[in-house]
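Numbering (UniProt numbering) for the sequence shown: 1 to 416.
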Amino acid sequence: MDINVRLQKHDAEDPVDLQLRHEYQVAIGMLMWAAIATRPDITFAVQHLSQFSQHPAQEHFTAVKRVFRYLKGTIDIGLNYSGTAFDREKIFRVFSDADWGNSPDDRRSISGYENHKTIGEWLFEDIICRWGGLREIVTDNGPAFIKAVAYLAKKYHINFIRISGYNSRANGLVERPHFDVRQALFKAVDGVERRWFMGAYSVFWSERVTIRKRMGCSPYYAATGTHPLLPFDITEATYLQPPPDSVLSSTDLIARRAVALQKRSEDLTKLHSDVYAARKKAALRFELQHAQTIRNFDFKPGSLVLMRNTKIEKSLNRKMRPRYIGPLIVVSRNKGGAYIICELDGSVLHRPVAAFRLLPYFARRSIPFPITAIDIDTNRLRELEETNLLDDDSFPDISAGDEPGPGLDSGESDSD
């Protein structure tokens, strides 16, 4: 159904085209059979169109034809659940109600998608109660889904993950594999972009069973501990282990599987070390390539610094908002390289601040800062110094710039 077309009932006194009504009712009967038998995804559209069976107009018949075109275009698509009762992960797809309450006749939904209350009840009754608990739910930040998963998280402690374009550190990791998959999709469909869906299943399958350079194995092997069994492997008779010489006893069979499980632990350890070494190598290479732009200020205790207000960096209205917070005073540094800082009155921030967020504050004259002015317990300070914690941008957003502290003139940073 076209969400931009609002179908309305005609008055009973209007003349009725008997031929059109007959064809309309026959078409609705066919669609009802399809909705009940094999295509439950058109159920709402059919029940909505069936309300106009007595006085159909041409726009109603056009909407019926649109449903038939949809069936013809999706003849090879089915609605199914993936996974069994023993799988740890079960994947399903639903949609939020974008047209809730937009019907011109009864102010009900016309798109066929439900509101957050119905989605939450459906997730619990038809998915969780039937197929087992869900460890996490990933949503596209639709309002109905956010409310539904918030209800599940509060009542059943089922957490959910929001897709966000504002996670700068994670975007790089996501975009690099995304580029490879996009290029593979483009080549798999011979450069015809509109046919990407025809090659998506094979590209994603191949991407998961192909060995990664940094990992030394495929993502499938990393997740399951076994090599993927492809269709051509069945005909070529390849084996994950050497075949036994004779029929195995229960003891021998358990021993073989125990050896495989032990090797699984070794493989994970080796995989972890390889990935960690690759990350360190990439970090060193990045430092060498950007040696002229990377600056390590190495602030000493008592240094005045400005803290980058990273919350507004991706805001469109940041022009008139403060880019830096401060001045602040460096108290110490923890093992992870983050700085423990405090306000000018000695109030220490509850979490250390990452080094990349701090810039030197050039004051026109320095001020003495006695260590006794810090409002923090000695044990708490030692605890912060022994951790590897970094701040999570939880510093409150500031709408107006800070006033310079007593005895200080406003300074400027060399960050620009």
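Backbone N, C-alpha and C fix where the C-beta goes; we use that ideal spot for every residue, glycine too. Since we're looking at a predicted model, the values are computed, not measured.
Look at Phe186 here: in three-state DSSP terms it is helix. Between Ile376 and Val330, the gap from beta carbon to beta carbon reaches 8 Å or more. Spanning the alpha carbons of Leu344 and Ala282 requires a straight line of approximately 39 Å. Taking the C-beta atoms as reference points, Leu328 is found nearer than 8 Å to Ile341. Note on geometry: alpha-carbon atoms of Ala148 and Ile128 lie some 14 Å from one another. Under the criterion of beta carbons closer than 8 Å, Val203 and Tyr220 do not qualify as touching, at roughly 14 Å.
Leu49: member of the alpha helix (DSSP H) spanning 43–49, first to last residue.
By the C-beta density criterion, Ile42 is buried, having at least 16 other C-beta atoms within 10 angstroms.
Out of His272, Gln183, Leu248, Val189, the CA that lies nearest to the CA of Ala223 is found in His272. Apart from sequence neighbours up to five positions away, the residues of its chain that approach Phe369 with a beta-carbon distance below 7 Å are Gly302, Ile329, ordered along the chain. Within a 10 Å sphere around the beta-carbon of Asn379 sit fewer than 16 other beta-carbons, which makes this residue exposed. Residue pairing by DSSP places Arg321 in no beta bridge whatsoever.
Taking the Cα positions, Leu20 is about 27 Å away from Thr38. Per the coordinates, the alpha-carbon of Arg212 lies some 6 Å from the alpha-carbon of Ser218.
Closest in C-alpha terms to Gln58, from the list Ala35, Ala144, His22, Phe44, comes His22.
Taking C-alpha positions only, Glu207 is separated from Arg195 by approximately 19 Å.
With 16 or more other Cβ atoms inside 10 Å of its own Cβ, Gly326 counts as buried. For Val331, the secondary structure class from DSSP, reduced to helix, strand or coil, is strand.
Per DSSP, the beta bridge partners of Val305 are Leu328, Pro360. The C-beta of Ile367 has fewer than 16 other C-beta atoms within 10 Å across all chains shown, which makes the residue exposed. The beta carbons of Val67 and Leu123 sit no closer together than 8 Å. Secondary structure note for Ile341: its beta strand (DSSP E) is the uninterrupted segment 339–342. For Ile146, the enclosing alpha helix (DSSP H) has its first and last residue at 143–156.
Annotated as proximal: Leu306 and Tyr324, with beta-carbon spacing under 8 Å. Here the C-alpha atom of Gly216 lies approximately 20 Å from the C-alpha atom of Ala184. By the Cβ-count criterion, Tyr24 is buried, with 16 or more other Cβ atoms from all chains shown falling within 10 Å of its own Cβ.
In the DSSP assignment, Ile137 is bridged to Phe160. For Val353, the secondary structure class from DSSP, reduced to helix, strand or coil, is strand. For Thr387 and Tyr151, the gap between their C-alpha atoms comes out near 35 Å. For His60, the enclosing alpha helix (DSSP H) covers residues 58–73.
Across the set Trp131, Ala144, Ser246, the C-alpha of Ala144 shows the shortest separation from the C-alpha of Ile119.
Assigned with DSSP and collapsed to three states, Ser273 falls in helix. Boundaries of the alpha helix (DSSP H) around Asn379: 378–385. Per DSSP, reduced to three states, the secondary structure at Ser315 is coil, with no helix or strand assignment.
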